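Numbering (full-length UniProt numbering), first residue to last: 1 to 418.
By construction, the Cβ of each residue, glycine as well, lies at the ideal position given by its N, Cα and C atoms.
Quick caveat, the model's predicted, so the values are computed rather than measured.
Some notes on the structure that comes next.
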Ligand code: DSN
């Protein structure tokens, strides 16, 4: 049974326990967050944090790796099975470092890359000017169209003009299906590598609820802590042995030092959970919830970017819908214990620190057991609060409603049906 943490360092223990309470008391709608099982947390908090082992299983620079070697191989095997790929590197510390390693493996500094722009839903590491990807590479962008959708003919046109060495697909804030087969064709036409960053949609992909890039993309990267519901970190996958060798060299010694074996073990545990039938049910519910949540806003005339979502997330244009910017909307919702993040929207005139949108996701609250009814209630409460942000009586009432919901749906510490 999960208990509050007790440490000799009371200052840090108290702060961890306060954060735990915050997580219990808030409705978590940040699309990239989730609640891992207690088993995942135990592995992440284990003695493995003591171990160094630069290199790869069977080829380490340090002794004493007989058990961590086995753990790393199990993590690789489980990931291969989940994603139906031939080779997996499970060492990346984070998605951003993993993406940097992919660039290093496939490109030379200054090479051209083509990714979705940040305000269209792309990621910083997909070519944003102040990220390594925009600093060390010549980055170009494609954009969503006026309906907030990818336009594959337009992407092909840009690709022919730019002639990138690598095209990146897979996003942080795109709610529609990514057609990896179309991207493959575009890459074949212009002679580019296809790199799929599936961090947000890896859970639905595992469950067969979104097309998979396996067999289409040259390299696939996913973080492990979003819809996949594992510990924080990332993995890089490919079917090409030569690319795999380059990826391995780019991760270590290219960008990283010693692998974080406690995190690799925690990844392995979460991959084991994702191989269970309960995980597929979770993914199905997460998408059902997201669609109902999104539809409730659409029914109220709220401007949802790209229309009805097809995955676990969607974005609302809070400026045109409520006359608020994303920063204000985030702060107001936080007052009633609803956690979201501000997000740039297509053609945003505000800076990313302010933005005109918010991004909403269903992954975390679905893990707590929310179903359609609860997401409809939450959409109604969010809508009320954003329409009348200065109505203190309303905010107090909503906060009480939120407390009822969070008390009725405590954070689960195991997802297995025993
Ligand atoms: N920060 C992640 C997200 O929220 O989508 C991406 O890096």
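Assumed close pair residue i, residue j - CB separation to whole angstroms, cut-off 8 Å
| i | j | result |
| --- | --- | --- |
| residue 415 | residue 273 | 6 Å |
| residue 385 | residue 318 | With a Cβ gap of about 11 Å, residue 385 and residue 318 do not count as contacting. |
| residue 211 | residue 179 | 7 Å |
| residue 31 | residue 250 | Incorrect: roughly 28 Å between the Cβ atoms, too far for contact. |
| residue 286 | residue 363 | 6 Å |
| residue 314 | residue 381 | Contact doesn't hold; Cβ gap of about 17 Å is too wide. |
| residue 264 | residue 72 | 5 Å |
| residue 223 | residue 199 | 4 Å |
| residue 323 | residue 358 | Not confirmed; about 14 Å, so no contact. |
| residue 48 | residue 68 | 7 Å |
Minimum C-alpha distance to residue i - residue among the options
| i | options | result |
| --- | --- | --- |
| residue 352 | 59, 129, 28 and 260 | 129 |
| residue 407 | 376, 295, 368 and 381 | 368 |
| residue 202 | 219, 216 and 227 | 227 |
| residue 309 | 262, 149, 113 and 155 | 149 |
| residue 189 | 171, 165, 169 and 197 | 165 |
| residue 40 | 59, 375 and 233 | 233 |
| residue 94 | 225, 181, 305 and 25 | 225 |
| residue 36 | 134, 101, 51 and 267 | 267 |
| residue 412 | 64, 394 and 282 | 282 |
| residue 312 | 46, 254, 300 and 292 | 292 |
Proximity test, residue i beta-carbon vs the ligand DSN heavy atom, cut-off 7 Å
| i | result |
| --- | --- |
| residue 32 | yes |
| residue 172 | yes |
| residue 123 | yes |
| residue 326 | no |
| residue 63 | no |
| residue 95 | yes |
Residue i, DSSP secondary structure in three states
| i | result |
| --- | --- |
| residue 114 | strand |
| residue 314 | strand |
| residue 166 | strand |
| residue 425 | Residue 425 lies beyond the stretch modelled for the chain, which goes from 1 to 418, so this question has no answer here. |
| residue 60 | strand |
| residue 123 | coil |
| residue 68 | helix |
| residue 360 | strand |
| residue 202 | helix |
| residue 264 | helix |
| residue 142 | strand |
| residue 338 | strand |
| residue 55 | strand |
| residue 27 | strand |
| residue 302 | coil |
| residue 178 | coil |
| residue 89 | strand |
Span of the alpha helix (DSSP H) around residue i
| i | result |
| --- | --- |
| residue 236 | Run containing residue 236: none in the alpha helix (DSSP H); it sits in the beta strand (DSSP E), 234-238. |
| residue 407 | 392-408 |
Continuous beta strand (DSSP E) stretch holding residue i: start and end
| i | result |
| --- | --- |
| residue 197 | 193-197 |
| residue 290 | Note, residue 290: premise wrong, no beta strand (DSSP E); alpha helix (DSSP H) at 277-299. |
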